[in-house]
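Here the structure is laid out as structure tokens; the discussion comes afterwards.
In the working numbering, the protein residues as written are -15 to 193.
Here's what the structure looks like:
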């Protein structure tokens, strides 16, 4: 059985539209040029599940010398989830084609708890037989251990998994463990990669028939 494992942000979800990406800095009251470096500097422990959303946002706001009371933190958590909720409908269409052709799918995402639970509630989430998130596992990509955990959950050998991610460091880490991987740029490119590997929805449908 050949599994295909998808990343979430940047593969299933789109990069945040400009208006959505502007909401968080505006709410904190700082320029985007100051906000985003602080956001990403403090993000790894949050994705890992090592800190709560409130802790994360207090760290970010403290870095920016911006006040952060409980009400503001609640708003920031909701806005943050919405920022990453813009879906690439072409990707979702491909997921549906793959499952329709009998290809088993899984999701592996660096995501904090709040984002993970939002993804779980989306209608297309049921297309995945397994959904693994960094905050639930206490592991983040590109750690080799998260890929070991993935293959164990799937009950699959690395050679029986294809991994799709938009970050080169994650793709290279998976490849180093014997997992075939493709770097996602757009759906057209992914379709071409799947066809090259004999894993396109059409090929899957023929194999299943």
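From the three backbone atoms N, C-alpha and C, an ideal C-beta is built for every residue, glycine too. Computed from a predicted model, the values in this text were never measured in an experiment.
query = Would you say the stretch 23 to 38 touches the stretch 116 to 128, given that touching needs at least three Cβ pairs under 8 Å?
reply = Cβ pair count under 8 Å is three or more, so yes.
inquiry  = Run through the DSSP bridge pairs and tell me what residue 71 is partnered with.
reply    = DSSP output for residue 71 lists -3 as bridge partner(s).
Start and end residues, beta strand (DSSP E) containing residue 34 = Looking at the DSSP string, residue 34 is not in any beta strand (DSSP E), and its letter there is neither H nor E.
task = Please classify residue 96: is it buried, with 16 or more other beta-carbons within 10 angstroms of its beta-carbon, or exposed?
result = buried
Cβ-based neighbour list, residue 140, same chain, cut-off 6 Å, excluding 5 preceding and 5 following = -13
request  = From the DSSP output, in three-state form, read off residue 175 for me.
outcome  = helix
request  = Use the C-beta contact count for residue 193: other C-beta atoms within 10 angstroms, 16 or more gives buried, fewer gives exposed.
outcome  = Because residue 193 carries a pLDDT of 33, less than 50, the predicted location of this residue cannot be relied on, and the following value inherits that uncertainty. By the 10 Å Cβ count, residue 193 comes out exposed.
request  = Determine which residues share a DSSP beta bridge with residue 149 and list them.
outcome  = 167
Residue interval of the beta strand (DSSP E) (run including residue 137) = No beta strand (DSSP E) holds residue 137; the alpha helix (DSSP H) holding it covers 128 to 138.
request  = Starting from the C-beta of residue 114, find all residues in its chain whose C-beta is less than 6 Å away, skip the five residues before and the five after it, and write them out in chain order.
outcome  = 90 and 137
message = Rounding to the nearest angstrom, what Cα-Cα distance links residue 110 and residue 65 in this structure?
response = 20 Å
query = Terminal residues of the continuous alpha helix (DSSP H) containing residue 119?
reply = 118 to 121
key: Alpha-carbon to alpha-carbon, residue 72 and residue 191   = With a pLDDT of 38 at residue 191, under the threshold of 50, the modelled position of this residue cannot be trusted; read the value that follows with caution. Answer to the nearest angstrom: the Cα atoms are 27 Å apart.
query = Looking only at C-alpha atoms, which of 125, 40, 145 and 76 sits nearest to residue -11?
reply = When each option's Cα is compared against that of residue -11, the closest is 145.
request  = May I ask you to report which of helix, strand or coil DSSP gives residue 161?
outcome  = coil
message = In this structure, how does DSSP classify residue -11 when only helix, strand and coil are distinguished?
response = Residue -11: strand per DSSP, three-state reduction.
inquiry  = Taking the alpha helix (DSSP H) that residue 92 belongs to, which residues open and close that run?
reply    = Taken as a continuous stretch (DSSP letters only), residue 92 belongs to no alpha helix (DSSP H), being part of the beta strand (DSSP E) at 89 to 93.
Three-pair Cβ contact test at 8 Å for the stretch 39 to 59 versus the stretch 77 to 88 = no
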